[in-house]
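Novice: Handing you a structure now.
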Amino acid sequence: MIDKSLVDRVIRASLAHGGDFAEIFVEEKSTFSASLEDSMVEGLSSGTTRGAGIRVRCSDTTGFAHTADLSEIGLMRAVEAASSLARHAAQGVRTVEIGERHQTKLPFEKTQPTSVSKDKKIDLLLRLDQAGRSSGASIRQVTAGYSDSFRKFLVANSDGVFVEEEQVRTRLAVGCVAIGDTGMQTGYETTAMTMGFELFDEIDLELLAITAAQRAIQKLAARPTPSGQLPIILNGLGGGVLFHEACGHGLEADHVLKDSSVYANRLGELVASPLVTLLDDGTVANQWGTYSHDDEGNPSGKNTLIQNGVLVDYMWDDTQSEKKKRQSSGNGRRQSYSHLPMVRMTNTYLQPGESTPEEIIADTEHGIYVAKLGGGQVNTATGDFVFGMTEAYLIENGAITAPLRDANLIGNGPQVLANIDAVANDFAIVPGTCGKDGQSVPVGCGQPTLRIKSVTVGGTVGG
Amino acid sequence: MADLISIGESIVSRATDAEQIEVYLLWERETSIRVYEKDIESLTSAEASGVGIRVISNGRVGISYAGTLDVGEIDRTLDEARDNARFGSVDVFAGVADPDGIEAPRLDLWSNDLMQAPTDRKIALAMDLEKLTLSKDKRIRSLNSSNYGDVSVEAAIVNSKGVASFSQQTYCWVWAYALAVANDETQTGYGLHAARGIEQIDIEYAANEAAKKATRMLGAIKPSSGSFTAVFEPDITASLLGIVAGTLSAEAVQKGKSIFSGRIGEQVASSRLSMYDDPSDARFFSASPYDDEGLASRKNQLIGDGVLKQYFYDSYTGRKDNTNSTGSAIRAGISGICTPGPRAVLVAPGDNTPSDIIAGISDGVLIQSISGIHSGVNPVSGDFSVGAEGIRISNGELAGPIKEFTIASNLQKMMNDISAIGNDLTFRPGGTAGITIAIDNINVSGA
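Chains V and E, in that order, are what the protein sequence lines are. Heads up: the first sequence begins at 1 in the numbering used here, then just goes up one per residue. Heads up: the second sequence begins at 1001 in the numbering used here, then just goes up one per residue.
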């Protein structure tokens, strides 16, 4: 993306007046998107951003500047701004080793979306529209969106890291609107993978649309959701956002080292039910949160966070691992070249257990079955978190019965983790977007079907 | 940076007879400083620019963007937008905005002092905010971070029908995220102050807010479930109003995805509620003389004494309904698509102070923060369910802190159930002004 001798000059110039660490991150990202509504293909949109971020660290202080000007003059201006703080600190000038170039390309992508004609991409939307509309008389509207991105980056630093990586992501989403006596309801379904257009060789498009349509149709008959504390069964296909919120964010080392996580200082302790073994794994082939190297040039890892309920480790980036003189776990990510990297999750998932989903349902007298989870949010310092349910049913006498209206669930991380009393043997990872400090990155959330003894349900009628 | 307009004009002049072109040009400068335990944790300074081009060719729309103002890149961006326009469906209403003859308000939204303020001064604000917040209460153990940020933006929108607008804004803010600790319990509180220029930044205000919100939550318990009057603090009201205002977008209305579709002239809320959108009001940090299609900003009344008066229109939704744009086009940056929506929403203030409102409630909850709003509000059905924390109100007084509960109702019902509006309009970054509001019959789900 830029040649090695320029990388070398930038790193050396960044530390010319002092500082402990310097890094250049050069990124080019192209995106394409198209959407459909009312059976009409709306404006196609595409574009490219390109630029570099320069980071200079001097003890615990990081100077950062970014620029879209990749000429030597542009980069040196950013160096000047990023190193201005290091200049004030009266420290020795360190030597710099520029490493050997190490290039990776995610091995599993076969068909670059950029090589696929726009007509073919639009055709996906038209097929979804047709499939959605023929899924039931009450389906009146279908919306669909296709997007792909090609991201290429180079990251090199004064510790000898020199990595170039390419990432390809492809996504297709469909929403079906059903109208009935009770008004209008919408159901959604999405597929999103870190792979090329070959995604659509494997995906059953019609099934995607039918799933969304059925979700909307079911909801037409939805009853008001109970309020109060109830047992909850979360379907394994519904997304693992529970763990992302209940403990994922709290296991990010930046929160932990500032003592603003309920999981701080608890390594080796039982923090969850012994049924819980939780991993963050950036290496799962093709998942939405997968990469070969993180945005600091460290290889992605398959990291166990909780083993049989015991807290084993946190997630780390360079800045936080430097403080503890340990290795990064490959969790340093940034939204783009114009953002500082920080500790982020990749694909976070719970290992399957031994019960079957059917057994768990049959064993539950009264509660709520959540077939599809929505987004969530957590306060890591208190552990309190919420997450939405977008497809849910009442459980009565061990059977799934009436559909329920959307509502949020609220709980406290460590308490909810301790309350997990059944884990099934099914499993799926679902794509999502994680926001932290104003930066969004793609992640995966996974879990088997499981039951929580008691969670507070934010409905409107007495439970 | 008035030459943004000339760059735009040189592009739109290339429109063929069968084409309309709109160019959105952006130049931004930002500083962001984070302080932790008397050290600068990070300092970011950067300039960014970009271009977004929309081409409408025979009723088909194509969009392209680039994160630069480089001439060669702009040429490629125009080519790409033209290519994208070959594939869309024909939409007879597609088009750029026609000049409507309405004159843009003159607004002074730029602070030269901020542009020239030395970095050291900005660092000092974040440092002082940390120190001040810690000094407010000995139970404030630390701050997760103490922050300073500023942004200056210049934008031009030029189209081939003669629209040519230029606007520039600055603003800056400080915020603190405090951790209060007592008896092994941690609570958090957030305090922010924002201003157009650095002279007007009030760190005392931000420190007080953060310290008060964190310490008053210590000892919080899970409340029992029931139906209560909820008093929403200004920041929370701002989030709620943002959602309500979003459902008044003509785009949502035309697609039947709004609880307010087809209800102009109807009583849709308590007669206490009058709501406006006024991006020409310079108190808003989102104020601008122009909307994101380059039309003049103007004041629109959305709800008057509870009666629905107006939806938000951009030029496209206006053509569909055979009406004019209300100057309400918004877009999310250079790669965003134009849609109509709220830009600067405020509620006409009432007569009562927040304490007067609380004094009138025998059994209620004061809500100081909510969570899960993106997953908890359905703008089509109006179903509302979010996580919350706050303070119990008992016999007109603030009683103990409460946490880990949800509040639920329905947006339409909540608008009807507004029982008091405060006199405390507050302006924060974002497109909605805050104000204290009391709403009856909110379902609290707790223990």
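Where is the CB? At the ideal position from N, CA and C, for every residue including glycine. Remember, predicted model here, so these are calculated numbers, not experimental data.
Would you list, in sequence order, the uninterrupted beta strand (DSSP E) runs of no fewer than 3 residues that lie entirely inside the stretch 390-444 of chain V?
Specialist: Counting only runs of 3 or more, we get 399-404, 407-412, 420-423, 428-436.
Novice: Report buried or exposed for E:Lys-1038, applying the criterion of at least 16 other Cβ atoms within 10 angstroms of its Cβ.
Specialist: exposed
Novice: Quick one: give me the first and last residue of the alpha helix (DSSP H) that E:Asp-1003 is part of.
Specialist: Counted as a single uninterrupted DSSP element, the alpha helix (DSSP H) harbouring E:Asp-1003 occupies residues 1003-1012.
Novice: What residues are listed by DSSP as bridge partners for E:His-1193?
Specialist: Note: E:His-1193 sits in a beta bridge opposite E:Val-1174.
Novice: Mind listing which residues of the stretch 1180-1200 of chain E have their C-beta closer than 8 angstroms to chain V's C-betas, in chain order?
Specialist: Thr-1186, Gln-1187, Thr-1188
Novice: Do V:Ile-122 and V:Val-41 have their C-beta atoms within less than 7 angstroms of each other?
Specialist: yes
Novice: Output needed for V:Thr-283: all residues of its chain with C-beta closer than 6 angstroms, excluding positions within five of it in sequence on either side, in chain order.
Specialist: Ser-300, Lys-302
Novice: Would you list the residues sitting across from E:Thr-1188 in a DSSP beta bridge?
Specialist: Per the DSSP secondary-structure output, E:Thr-1188 pairs in a beta bridge with E:Leu-1179.
Novice: Determine, for V:Gln-377, whether the minimum Cβ-Cβ distance to residues of chain E falls below 7 angstroms.
Specialist: For V:Gln-377, the closest Cβ of chain E is nearer than 7 angstroms.
Novice: Does the stretch 1366-1383 of chain E come within contact of the stretch 383-399 of chain V, defined as at least 3 CB pairs closer than 8 angstroms?
Specialist: yes
Novice: Leaving out five residues on either side along the sequence, give the residues of the same chain with a beta carbon under 8 angstroms from the beta carbon of E:Lys-1222.
Specialist: Ile-1402, Lys-1403, Glu-1404, Phe-1405, Gly-1446, Ala-1447
Novice: Tell me whether V:Met-195 sits in a helix, a strand or coil according to DSSP, three-state version.
Specialist: coil
Novice: Which bits of chain V does E:Asp-1383 rub up against, with CB to CB less than 7 angstroms?
Specialist: What E:Asp-1383 touches in chain V: Arg-405, Asp-406.
Novice: Tell me whether E:Leu-1346 sits in a helix, a strand or coil according to DSSP, three-state version.
Specialist: strand
Novice: Can E:Ile-1442 and E:Phe-1228 be called in contact, C-beta distance under 7 angstroms?
Specialist: yes
Novice: Comparing alpha-carbon positions, which option in E:Val-1268, E:Glu-1293, E:Ala-1282 lies nearest E:Lys-1309?
Specialist: E:Val-1268
Novice: Considering just the uninterrupted stretch of the alpha helix (DSSP H) at V:Lys-258, what are its terminal residues?
Specialist: V:Lys-258 -> no alpha helix (DSSP H), and no H or E assigned at all.
Novice: Using a beta-carbon distance below 7 angstroms, is V:Gly-145 in contact with chain E?
Specialist: no
Novice: Give the residues of chain V in contact with E:Asn-1084, contact being defined as C-beta atoms less than 8 angstroms apart.
Specialist: The contacting residues are Gly-43, Leu-44, Ser-45, Ser-46, Lys-118.
Novice: Taking only beta-carbon atoms, is E:Thr-1044 less than 7 angstroms away from chain V?
Specialist: yes
Novice: Helix, strand or coil for E:Met-1217 per DSSP?
Specialist: coil
Novice: Helix, strand or coil for E:Val-1307? Go by DSSP, reduced to three states.
Specialist: Strand at E:Val-1307.
Novice: Got a sec? Which residues, its chain only, sit under 8 angstroms from V:Gly-353 by beta carbon, not counting five neighbours each side?
Specialist: By the criterion of a C-beta distance shorter than 8 angstroms, V:Gly-353 is surrounded in its chain by Leu-275, Ala-422, Val-423, Ala-424, Asn-425, Pro-448, Leu-450, once the five residues flanking it on both sides are discounted.
Novice: Can you name, in chain order, every residue of its own chain whose Cβ lies under 6 angstroms from the Cβ of V:Met-1, other than the five neighbours on each side?
Specialist: Val-26, Leu-154
Novice: Flag this pair as yes or no: are the beta carbons of V:Leu-44 and E:Gly-1088 separated by less than 7 angstroms?
Specialist: Taking a C-beta distance under 7 angstroms as the contact criterion, V:Leu-44 and E:Gly-1088 qualify as a contact pair.
Novice: Check whether the Cβ of V:Met-76 lies closer than 7 angstroms to any Cβ atom in chain E.
Specialist: no
Novice: Would you please verify whether the beta carbon of E:Phe-1455 is less than 7 angstroms from any beta carbon of chain V?
Specialist: Chain E is shown from 1001 up to 1447; residue 1455 of chain E falls before or after that span and cannot be answered.
Novice: State buried or exposed for E:Ser-1288, treating a residue as buried only when at least 16 other CB atoms are found within 10 Å of its CB.
Specialist: buried
Novice: Would you list, in chain order, the members of the stretch 1022-1041 of chain E that have their beta-carbon closer than 8 angstroms to a beta-carbon of chain V?
Specialist: Tyr-1036, Asp-1039, Ile-1040, Glu-1041
Novice: Just checking: is the beta-carbon of V:Met-195 within a distance shorter than 7 angstroms of some beta-carbon in chain E?
Specialist: no
Novice: Give me the DSSP bridge partner(s) of E:Asn-1410.
Specialist: The beta-bridge partner set that DSSP reports for E:Asn-1410 consists of E:Asp-1383.
Novice: Excluding the 5 residues preceding and the 5 following V:Asp-20 in the sequence, name in chain order all residues of the same chain whose CB lies nearer than 7 angstroms to its CB.
Specialist: Arg-57, Cys-58, Ser-59, Arg-94
Novice: The beta strand (DSSP E) with V:Ala-34 in it runs from where to where?
Specialist: 21-37
Novice: How would you write the range of the beta strand (DSSP E) that V:Asp-280 sits in, first residue to last?
Specialist: 278-281
Novice: With a 10 Å radius around its C-beta and 16 neighbouring C-beta atoms as the bar for buried, classify E:Pro-1118 as buried or exposed.
Specialist: With a threshold of 16 other beta carbon atoms within 10 Å, E:Pro-1118 falls short and is exposed.
Novice: Chain E partners of V:Val-457, CB-CB under 7 angstroms?
Specialist: Ser-1445
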